[in-house]
Amino acid sequence: MTDTVEVTALVLKSTPVGEYDRRVVLLTREQGRIACFARGARRPGSPVMAASLPFCFGTYRLRSGRNSNVLVEAKVQYFFEKIRNDMEAACYASYFAEVMHYITRENNDEAALLLLVFQSLRALEADRIPNRLVRAVFEIRTLVIEGEFRPPDERDPFSPSTLQAVRHIMQAPVRTLYTFAVSDTVLAELEHIAEISLQRSLGHRFESLEILKALQM
């Protein structure tokens, strides 16, 4: 009997394969970023059709195949349907997923990043704070988790309120990360800090970010 493993995961990416299958990339709490095939996921009535779509979060049961993992069963806890029905929110979510896909690795401990991106999607869906602020918080906290963030200090040309917001982003528990509001001036400074820091640390062009910027023009 083939062994299976159950993981808590978020779907980062899902691409069609052949006529009926999908290749799904999961960010898991237990095994970092892993890929699997969802056999028949594109067939009408497939039990894994919905679970193989981007941004789904839940428990996924996988079986090790000869060359790859195979999705056997899934129990989705969050579909984030509101995000899929909002073009701008979907662009932000796609960007977050692309960043996670870029920086995470297989068999790494990525539990902190999984929790961050999950809470970031919840913040997009809840719509309590602007999506621009969600993005800035996500970018800064991602770099903090990766040990790549250099916080500004009093010598930098930022307001005390911005410095206080940065400290909150760095230190707050992830579950309470998106529970504050800022002025337009502070938001602009946070966006600047996040953008410069991300470019300095990663130096990567994210396609979904280019789409998001084009949408906002």
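Residues in the sequence shown are numbered from 1420 upward in steps of one, following the working numbering.
A virtual CB, placed ideally from N, CA and C, is assigned to each residue, including glycine.
- The beta carbon of residue 1478 sits closer than 6 Å to the beta carbons of 1425, 1427 and 1494 from its chain, once the five residues preceding and following it are set aside; these are given in chain order.
- When secondary structure is reduced to three states using DSSP, residue 1600 falls in the coil class, being assigned neither helix nor strand.
- In this structure residue 1614 does not touch residue 1551 by the C-beta definition: roughly 11 Å separates them, more than the 8 Å allowed.
- A distance of 9 Å or more separates the beta carbons of residue 1563 and residue 1429.
- Residue 1522 places its beta carbon 9 Å or farther from that of residue 1556.
- When the Cα atoms are used, residue 1543 and residue 1498 turn out to be separated by approximately 13 Å.
- In this chain, residue 1570 is not harboured by any beta strand (DSSP E), its DSSP state being neither H nor E.
- Sorting 1455, 1483 and 1484 by C-alpha distance to the C-alpha of residue 1470 places 1455 at the top.
- Nearest neighbour of residue 1580 by Cα position, chosen from 1599, 1566 and 1448, turns out to be 1599.
- Your pair residue 1423 and residue 1491 checks out as a contact, with CB atoms roughly 6 Å apart and the cut at 8 Å.
- The beta carbon of residue 1616 lies closer than 8 Å to those of 1558, 1559, 1562, 1567, 1568 and 1569 in the same chain, with the five residues before and after it left out.
- Residue 1512 and residue 1573 have their alpha carbons spaced roughly 33 Å apart.
- Assignment of beta-bridge partners to residue 1442 by DSSP yields 1434 and 1456.
- Comparing C-alpha distances from residue 1626 to each of 1516, 1534, 1576 and 1487 shows the shortest one belongs to 1516.
- Closest in alpha carbon position to residue 1628, among 1509, 1465, 1606 and 1441, is 1509.
- In the three-state reduction of the DSSP assignment, residue 1467 falls in the coil class.
- The Cβ-Cβ distance between residue 1433 and residue 1466 does not fall below 9 Å.
- The continuous alpha helix (DSSP H) containing residue 1541 extends over residues 1530 to 1545.
- DSSP places residue 1488 within a strand segment (E or B) once states are collapsed to three.
- Beta-bridge analysis with DSSP links residue 1628 to no other residue.
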